[in-house]
Amino acid sequence: MISRSGLESNGAEGGGYLQPGDWTSTVGVRHVYSHVHFSGPTENFSRAQLGTEVQSKTNLDDLTVTYQLTRRISLTGTLPFVYASRRQQAQYATLHTSGIGDISLGAQYWLRSPRSEKAGTNNAQVGLSLLFPSGNDRQNNVVATTYGGPTSTQYPDYSVQPGAGSWGAIMSWQAFQNLGNNTIAFVDGNYVMTQGGHHSFWTSHGGTSNGPPSPTPGMTQFDAIQDQYMVEVGASHPAPRIQGLGLTLSIRAEGVPAHNLIGSDLGFRRPGFGIALTPGIIYTRGHHMLQFSVGKVMVRDRTKSVAEEINGVHEGDAAFANYVWMAGYTLRMPGKKNAVEELKQSNSSRLPRADASHASSAGALPEGSSQTAADTFKPFSLKTLDGKKKTLKDFSNKVTLVSFFFPRCPYCNVELPQIQKIYDKYKDRGLSAVWVNILPEEAGLIAGWQMAKNLTVPVLIGGTQESLQRDYHINSTPSTYLLDENGRVLFREDGYKPGDEKTLEAKIEAALNVVPAGPASASLPLCPVPPEDLQPSAPAPRIVDARPRE
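Read in order, the letters of the sequence shown are residues 106 to 655 in my numbering.
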């Protein structure tokens with residue numbers, strides 16, 4: 106079977122939405138060693154016993170560059186490179202191929218705006234690319250077929266040729282659904298539609314070019330120009346205790362259909378499919394993402410071709426792999442505007458100490474605040490990422506911690522992981538916690554942000570920036586309230602400075618009647634809440650980055 110489908114940047118586990126003007130560059134690697142023969146769903150053990158087993162090794166490397174044109178539309182180009190070998194077990198010569206494969210250029214479109222709140226819960230993307238016949242589909246080797254024998258021109262099998270020899274279109278799709286508890290289900294895939302028909306040169310299947318074979322009713326003297334497809338369904342979940350590491354598990358099916366969508370189905374082809382159980386890992390750090398997966402092929406089926414039906418013969422066989430190895434590296438490159446905003450935030454986070462207008466405050470609120478220490482916290486009615494309604498009562502405990510944040514806030518990304526540790530330490534002793542997103546346009550980033558940082562504290566969305574700032578007097582983030590079992594405010598903290606987590610833990614310990622911890626120390630500046638019209642642009646893990654590369 107042919108093998109020109111590269112690494113998929115799986116569904117939602119791959120991180121967050123790109124911002125307009127952003128670029129990504131992905132290098133993918135795929136290795137397949139096909140040597141197990143099947144006719145239909147039955148393995149042909151006799152091929153190995155008789156010494157006629159075909160052994161194919163295919164390595165597909167590709168470079169994919171993506172530009173985010175608008176919030177919904179992205180443009181993608183893929184440059185593949187193939188190097189492969191094929192030999193029959195009893196043959197002396199091993200045939201090799203290498204070179205640029207078939208280049209593709211296309212566009213993808215999100216069905217739901219990434220700015221909508223529901224985009225953080227689920228979304229789907231469709232894509233269409235043009236496939237160029239840039240790869241060589243007639244590479245040959247001049248080799249000796251026997252030891253010390255004369256050389257001859259040999260044409261490697263079409264399955265290891267760099268190109269398919271046809272124009273085509275790639276239809277791609279991906280979707281994800283947040284299942285809660287940082288678990289994301291995803292589906293992605295692609296279908297490569299060729300022009301159909303068959304080549305004008307005869308098949309050799311590793312033979313010489315010393316004249317064409319005899320014609321057959323199914324035109325099997327010519328290699329077919331054939332479609333191919335890939336479909337993957339799976340889920341991802343953050344690895345425990347390792348920030349940025351995600352675990353994935355998927356079922357991946359790929360193959361060649363007996364019938365093309367358009368054009369003739371005649372010619373020699375080996376239709377069939379394989380289904381693999383594919384565990385993998387994704388590691389995200391800043392602008393960088395690494396992926397690795399190994400698929401164990403569980404089901405293999407060499408189906409009957411149209412030519413075989415016409416000729417009234419049993420389906421032939423095809424060599425399948427036991428494993429499919431895939432790896433990839435993605436670099437996200439913010440656009441000029443986004444990069445400037447990131448630099449501003451980065452420089453701000455390195456200030457040694459803030460002045461009075463930026464210092465972290467705890468306990469007392471500004472004059473005129475709608476919430477003060479010893480006040481009763483104003484109840485809320487918001488939604489989880491999967492759309493379930495939640496109120497303050499759903500989180501009430503002996504002590505309740507409520508933090509207001511947004512995913513791209515630099516200081517939220519410093520303090521909230523510390524709050525996560527405090528929550529894990531005291532959740533069995535009467536502490537509950539909930540985080541409230543203050544920027545609706547960043548709701549779509551939360552699921553990937555949680556997974557990348559291994560955060561399990563529940564997150565609520567659904568409030569407007571204006572109403573949350575007004576009702577809870579939020580002038581900077583993170584902003585944290587500590588409540589007693591009756592909803593009274595025991596303590597409030599704005600912004601972040603190193604040691605704030607110790608102060609907060611001491612307050613929690615006191616409320617839970619546990620031995621208090623040590624005092625806080627030096628300060629960092631706050632992260633001001635951006636105005637309504639400011640579009641945040643600092644990097645965040647991508648929620649979906651799946652795009653086919655053929």
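Think of the CB as a built atom: it goes at the ideal place given N, C-alpha and C, for glycine as much as any other residue.
Residue pairing by DSSP places Met438 opposite Trp128 in a beta bridge.
Tyr577: member of the alpha helix (DSSP H) spanning 570-577, first to last residue. For Ser501 and Leu210, the gap between their C-alpha atoms comes out near 53 Å. Selection Phe509, Arg593, Gly535 evaluated against His578 yields Phe509 as nearest (Cα-Cα).
Taking the Cα positions, Pro515 is about 26 Å away from Arg177. Per the C-alpha coordinates, the member of Tyr252, Val248, Ser234, Thr299 positioned closest to Trp278 is Ser234.
Going by beta carbons, Ile566 and Leu487 fall inside the 8 Å limit. Counting other Cβ atoms within 10 Å of its Cβ, Arg575 stays below 16 and is therefore classed as exposed. Residue environment analysis places Pro583 among the buried positions, since at least 16 neighbouring C-beta atoms fall within 10 angstroms of its C-beta. A residue is called buried when at least 16 other Cβ atoms come within 10 angstroms of its Cβ; Lys526 does not meet this threshold and is exposed. The residue among Asn416, Asp422, Asn591, Phe425 with its C-alpha nearest the C-alpha of Pro484 is Asn591. Counting along the chain, the unbroken alpha helix (DSSP H) around Val519 starts and ends at 517-531.
Separation of Ile613 and Gly440 (C-alpha to C-alpha, rounded to the nearest whole angstrom) is 42 Å. In the three-state reduction of the DSSP assignment, Pro545 falls in the helix class, which pools H, G and I. Look at Gln331 here: in three-state DSSP terms it is coil, with no helix or strand label. The residues Lys162, Thr199, His201, in chain order, have a CB closer than 6 Å to that of Ser190 in the same chain once the five nearest residues on each side in sequence are set aside.
Nearest to Thr288 by C-alpha distance, out of Val541, Ser572, Leu490, Ala616, is Leu490. Remark: C-beta atoms of Thr226 and Asn283 approach each other more closely than 8 Å. Where Leu210 is concerned, the enclosing beta strand (DSSP E) starts and stops at 209-215. Residue state for Ala344 is assigned as coil, using DSSP reduced to three classes. By a beta-carbon distance limit of 8 Å, Thr383 contacts Arg357. Their separation comes to about 5 Å. Counting only residues of its own chain and dropping the five nearest sequence neighbours on each side, Trp540 has a CB closer than 6 Å to the CB of Ser508, Phe510, Val562, Val564. Beta-bridge pairing by DSSP links Val361 to Gly377. By the C-beta density criterion, Pro345 is exposed, having fewer than 16 other C-beta atoms within 10 angstroms. Here Asp589 carries a strand assignment [DSSP, helix/strand/coil]. With distances taken between CA atoms, Thr569 lies nearest to Pro545 out of Gly253, Ser271, Pro545. Residue state for Phe482 is assigned as coil, using DSSP reduced to three classes. DSSP places Met394 in the uninterrupted beta strand (DSSP E) bounded by 393-407.
Residue state for Phe511 is assigned as coil, using DSSP reduced to three classes. Rounded to whole angstroms, the separation of the alpha carbons of Gly349 and Ser410 is 46 Å. For the 8 Å CB-CB criterion, Tyr434 and Leu395 form a contact. Under DSSP, Pro384 shares a beta bridge with Leu354.
The beta carbons of Thr299 and Ser257 sit no closer together than 8 Å. By the criterion of at least three beta-carbon pairs nearer than 8 Å, the segment 239-255 is not in contact with the segment 213-228.
Our two residues, Ser305 and Met438, have alpha carbons roughly 44 Å apart in a direct line.
When beta bridges are read from the DSSP output, Phe596 appears opposite Leu587.
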